[in-house]
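Step one of this worksheet: look at the structure below.
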Ligand code: UDP
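See the structure below:
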């Protein structure tokens, strides 16, 4: 293949929030003449149904779980099975590439931060391993500083979480205002042998040998945290985000490639066209969150009482153990000002002028997409490092409100009304701050910006030695 400058193997953790940023990265690499081999589990590859191009290849491997396993809904089992099975299969995929005369030799392995097993494979084949943590810098710091948190006795919790949840943690650099309840959920367990606790503890420390550590964030948002991490990692930590924006700036080499696990329902964009500017609250809890029936109903009646138009993405598996069923009376009462989809084209929704607020579970991609579009948030985190993101949104960046864990319709109503009230002073200040962050995000990925420069560094690392 003429003009090929390198060959990157990209290995995301098999979940939507990990596939999306790695696919955006693939777009940038391909636009820079790097061949990409994108590796999925068989389970996801079947759902994504990819087609090959000259520059974009797909490989997949079995995750070791039966077809009817709920996977991300039982995360420890998925992680454990991947730890057991993935090293063997990924090794074989790399070996196959290295032996092939039809594809260029690998010049880099970019694997999810939680797949440190790739270090051994990279070392064996003499290729650098890059660790891509798809979390925020604050989320990664919380995982990275687990040994310190253990040393100071914060985690594992001695007993009931409720007793300690408001204790303030003072030992993590650049995160002085964190409360115990803001730590990633995997950390606030009472059992030191808990699978996810041990897994994250190990994986975060195993990031050290990586050649580079990539984070989908930007300097102007998480600068102090990035500096601190760089002091620990010998300046190997590069912020390259928001990838949503940088990827868009590189054209669309992955057009036609499906990177959504569910089918996007674009009809909501037509509905948004008919709504007033900044009038719609978009409600979506990402790809993994599950609600109880009661929580779904409380959110519904809170939205009804807020009197605000809303667009609600309700995945078929959003409610635990059953299909989400909204009360008929609620559907009837809100039919003039509501739109429901099972999966939204989220980044397009958030950048639509009719959308004025986002009720979110604070997943990192959702948070970054909201900031990149200048949309303020109501945060109701579900698990992982979402509570940490929530804390930064509410308390550090001040671009959203925290909602209590226990969903009650009155609080949903009050927060939605407050967020969507364009006359509210706190909200107005939030929108001014968001505009600044959005502009800085755009500048960061443009030529001369910090994320752009970092991306050039990543590209340099994966060029073939021959320089062709
Ligand atoms: N997403 C989407 N449509 C939906 C729900 C989610 O496109 O209806 C996308 C969203 O834009 C984001 C990703 O799925 O890029 C979810 O990632 P996030 O980190 O926010 O949360 P997770 O799903 O990992 O909990």
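Numbering (this note's numbering), first residue to last: 1 to 468.
Where a beta carbon is used, it is the ideal one built from N, C-alpha and C, also for glycine.
Can you give me the Cβ contacts of residue i inside the same chain, cut-off strictly under 8 Å, excluding the 5 residues immediately before and after it?
i	result
residue 446	249 and 452
residue 344	264, 265, 268, 282, 284, 311 and 313
residue 84	64
Using only alpha-carbon positions, find the residue among the options that is nearest to residue i.
i	options	result
residue 241	175, 215, 85 and 264	215
residue 37	11, 15 and 47	11
residue 189	177, 40 and 165	165
residue 24	56, 417 and 148	56
residue 247	50, 319 and 442	442
residue 407	300, 374 and 465	300
residue 115	95, 138 and 81	81
residue 49	294, 259, 460 and 278	259
residue 161	179, 171 and 172	179
residue 384	398, 364, 47 and 86	364
residue 142	187, 102, 234 and 67	187
residue 53	26, 66 and 232	26
Thinking C-beta only, is residue j closer than 8 Å to residue i?
i	j	result
residue 105	residue 388	no
residue 327	residue 297	yes
residue 404	residue 305	no
residue 455	residue 19	no
residue 350	residue 358	yes
residue 396	residue 377	no
residue 253	residue 34	no
residue 40	residue 60	yes
residue 191	residue 147	no
residue 14	residue 43	yes
residue 371	residue 434	yes
residue 375	residue 303	no
residue 290	residue 73	yes
residue 90	residue 118	yes
residue 131	residue 111	yes
residue 97	residue 6	no
residue 347	residue 243	no
residue 121	residue 103	no
Buried or exposed for residue i, going by 16 or more other Cβ atoms inside 10 Å?
i	result
residue 428	exposed
residue 335	exposed
residue 151	exposed
residue 280	buried
residue 449	buried
residue 239	buried
residue 182	buried
residue 129	buried
residue 467	Low local confidence applies: a pLDDT of 44 at residue 467 is under 50, so the model's placement there is unreliable, with the coordinate-based value given in what follows. Counting Cβ neighbours within 10 Å, residue 467 comes out exposed, since fewer than 16 surround it.
residue 3	exposed
residue 460	exposed
residue 462	buried
residue 71	buried
Keeping to the same chain, check which residues put their C-beta closer than 7 Å to that of residue i; ignore five residues upstream and five downstream.
i	result
residue 275	309 and 354
residue 237	213, 215, 226, 229 and 230
residue 277	353 and 354
For residue i, I'd like the list of residues in its chain whose CB is within less than 6 Å of its CB, leaving aside the five on either flank, ordered along the chain.
i	result
residue 272	352 and 354
residue 362	379, 381, 386, 389 and 390
residue 16	261 and 287
residue 199	79
residue 87	117
Under 8 Å between C-beta atoms, does residue i make it to chain D?
i	result
residue 80	No chain D appears in the structure shown, which is made up of a single protein chain.
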